[in-house]
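Report on one structure; see the data block that follows.
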Amino acid sequence: HRRQESGFTPMEVNGYGGVIQATPLGGYTPLLFAALMGDLETARLLLAKGAQVDVASPEDGTPLLIASAGGYEDLALYLLEKGADPNGKDGTGRSALEWAAHHGRLEVVKLLLDKGARIGSALVAAVPVKPASFRYWRK
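Taking my numbering, the leading residue of the sequence shown gets 14, the next gets one more, and so forth.
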């Protein structure tokens, strides 16, 4: 197996019996696991094999949301390019933008705003910045 720069070995699709939409562990698909680990190579493989980009865990949300919270900018960009919804929510109603801001992932926040993420009231309440301050990130 080839290791990525992150040090992770790409996940084995065959570990799920080749069924990439399987959710045997806590409602997580292989793509959600790849997002959790920031594993761009595996995400590419899974999407090429037909994984759904916006399939969500009931509690943790979509792969984009998970990648954004983890600060995996390259993976977040790739998921957005593949059609991920920048405004998807997790089980608590928080978006990828809110989680990225909460965890201080500034580059991911900029990326999400550039790709159409909406600033919600929860984000405005949680971040001591006026919404107008985000305008300079928009093109």
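For glycine and all other residues, C-beta sits at the position ideal for the given N, C-alpha and C. A quick note: this is a predicted structure, and the numbers were derived from the prediction, not measured.
Beta-carbon to beta-carbon, Gly96 and Asp73 are separated by about 20 angstroms, too far to satisfy the 8 angstroms threshold. The criterion of a C-beta distance shorter than 8 angstroms is not satisfied by Tyr85 and Gly117. Taking every protein chain shown into account, the CB of Lys62 has fewer than 16 other CB atoms within 10 angstroms, so this residue is exposed.
For Pro76, the uninterrupted alpha helix (DSSP H) segment begins and ends at 76-83. With distances taken between CA atoms, Val68 lies nearest to Pro43 out of Pro43, Asp127, Arg131. The beta carbons of Leu90 and Ala48 sit about 13 angstroms from each other, so the pair does not count as a contact at 8 angstroms. Secondary structure within the stretch 88-133: the alpha helix (DSSP H) runs of 4 or more consecutive residues, fully enclosed, are 109-115, 119-127 (chain order).
Remark: C-beta atoms of Leu78 and Gly101 approach each other more closely than 8 angstroms. When only Cα atoms are considered, Thr75 and Leu124 end up about 16 angstroms apart. C-alpha of Leu119 to C-alpha of Ala113: approximately 7 angstroms in a straight line.
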